[in-house]
Amino acid sequence: MSVKPIRALEAIREFLKLESASGIILVGAAVLALIINNSPLSGLYDLFLDTPVEIRIGALQLAKPLLLWINDGLMAIFFLLIGLEVKREILDGQLSSLSQVALPGFAAIGGMIIPAAIYVLFNLTNSSSLSGWAIPAATDIAFALGILALLGSRVPLSLKLFLLTLAIIDDLGAIVIIAIFYSGQLSTTSLIFAGIAIATLFAMNLLGVKRTAAYVVVGIILWICVLKSGVHATLAGVVLAFAIPLRTDEDEPCPLREMEHSLHPWIAFGIMPIFAFANAGVSLEGMSFGKLLEPIPIGIALGLIVGKQIGVFGFSYAAVKLGLAKLPSDLNWKLIYGTSILCGIGFTMSLFISTLAFDSSIADDAVSARIGILTGSFIAAISGYLVIKRALDKNMNTHD
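Each residue of the sequence shown is one higher than the one before, starting from 21 at the first, in my numbering.
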């Protein structure tokens, strides 16, 4: 092998080690989808997503277009990772202490309530579009942390932990919202079998089963049952995550941490970019500024840009002033404000909730939602980066 390919491989390896790498690839996948779907290749893009994929075992049949396999199948693995992170944080991490969770907890609550309220305000007169109220309540944890990582080592660790904890609580809120508000007509038989699978998973945990392969097998059965039940299939990933053991004997490896470590690169560099590519390809034909001002896109965009700022910063400030939480000594309100803007990057989670809120057959509403998500997330990413950068520059000048 010549020197140039070796150097290229080394450069790729170094890039993949960057905290911001997954966010950059995520953006690249979304941009690629936009380019392809607004080019002569748009027919191929639609054909790719509509490709029928079928699995049949006897009378059991799962037949869906590729897009739904991505949204219901691959995203279940994404939610499995979120569930693993939440469980670890609750038992051993930032969510295990009330004092640690107070500030990001209040921030997350505000960051869900205010954006949703802004969306509802713009769509109050249209009952069909009200189903999208949760879209701007989401924060894309990978994307937001990726933008923060671009600012380098100057970013205080406490700010990263604040954003990480906030985003995890936000994801937990999104899971609850999906379970309660975005489930379809329920099948009693499938729910009974899903309940048996869940009981089996937690019995395995109590009996001390450590092999993750055994949990995965039962988890796949659970996913099929949940998919057929009317409850959204991605929630099976969360339930499976909470059954994976965290604590073992000192001389044994931790199944939860091992699974989390193994899944992370596949999700960051595979599943999330595939999801972004499949869902961000909005056709811009006939697009105008007036289109952005329609209730659905403007409600989502302002929910992400304005609502997150008001909710995250406002609730954080109120919690500290009321003595319900403490501001870390190495942080200031300018950094918190910049981070509140950064929380307006909904992207992956917002796109996912939009697929649940609006049936893809209602093309106008689905496209309008994606326009609002992409616009709001892009503005939040740029403005959040600039505000935090300026706050960090001032801090450096003060210490010089």
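From the three backbone atoms N, C-alpha and C, an ideal C-beta is built for every residue, glycine too. This one's a predicted model, so the numbers in the text were calculated from it and none came from an experiment.
Item: Can you look up residue 81 in the DSSP assignment and give me helix, strand or coil?; Value: strand
Item: Check this for me: beta carbons of residue 98 and residue 393, under 8 Å apart or not?; Value: no
Item: Mark residue 260 as exposed unless 16 or more other C-beta atoms lie within 10 angstroms of its C-beta, in which case mark it buried.; Value: buried
Item: Please name the residue, chosen from 298, 173, 363 and 347, that lies closest to residue 325 on a Cα-to-Cα basis.; Value: 363
Item: Which one of 182, 126, 338 and 166 has the shortest CA to CA distance from residue 349?; Value: 182
Item: Give me the Cα-Cα distance between residue 276 and residue 143, rounded to the nearest whole angstrom.; Value: 42 Å
Item: Tell me the DSSP bridge mates of residue 76?; Value: 81
Item: Between which two residues does the alpha helix (DSSP H) holding residue 71 run?; Value: Premise fails: residue 71 is in no alpha helix (DSSP H) and is neither H nor E.
Item: Does the beta-carbon of residue 346 have 16 or more other beta-carbons within 10 angstroms, so that it is buried, or is it exposed?; Value: exposed
Item: Give me the Cα-Cα distance between residue 239 and residue 262, rounded to the nearest whole angstrom.; Value: 11 Å
Item: Pairs of beta-carbons, one from the stretch 121-140 and one from the stretch 298-311, closer than 8 Å: are there three or more?; Value: no
Item: Would you report the Cα separation of residue 247 and residue 369, rounded to the nearest angstrom?; Value: 19 Å
Item: With respect to the alpha helix (DSSP H) encompassing residue 246, which residues constitute its N-terminal and C-terminal limits?; Value: 232-249
Item: Would DSSP call residue 160 helix, strand or coil?; Value: coil
Item: Can you tell me whether residue 187 is buried or exposed, with buried defined as 16 or more other CB within 10 angstroms of its CB?; Value: buried
Item: Please list the terminal residues of the continuous alpha helix (DSSP H) segment that includes residue 254.; Value: Counting along the chain, residue 254 falls outside any alpha helix (DSSP H), and DSSP gives it neither H nor E.
Item: Count the other C-beta atoms from every protein chain shown that fall within 10 angstroms of the C-beta of residue 120, then say buried if there are 16 or more, exposed otherwise.; Value: buried
Item: Beta carbon of residue 189, beta carbon of residue 128: below 8 Å?; Value: yes
Item: At 4 residues or longer, what runs of the alpha helix (DSSP H) sit wholly inside the stretch 341-391?; Value: 353-362 and 367-377
Item: CA-CA distance, residue 203 and residue 272?; Value: 39 Å
Item: Out of 403, 318 and 243, point me to the one whose CA is closest to residue 94's CA.; Value: 243
Item: Cα separation between residue 288 and residue 315?; Value: 32 Å
Item: Whole beta strand (DSSP E) runs in the stretch 91-151 with 3 or more residues, listed along the chain?; Value: none
Item: Are the beta-carbon atoms belonging to residue 85 and residue 70 less than 8 Å from one another?; Value: yes
Item: Find the nearest neighbour of residue 304 within the set 391, 170 and 145, judged by alpha-carbon distance.; Value: 391
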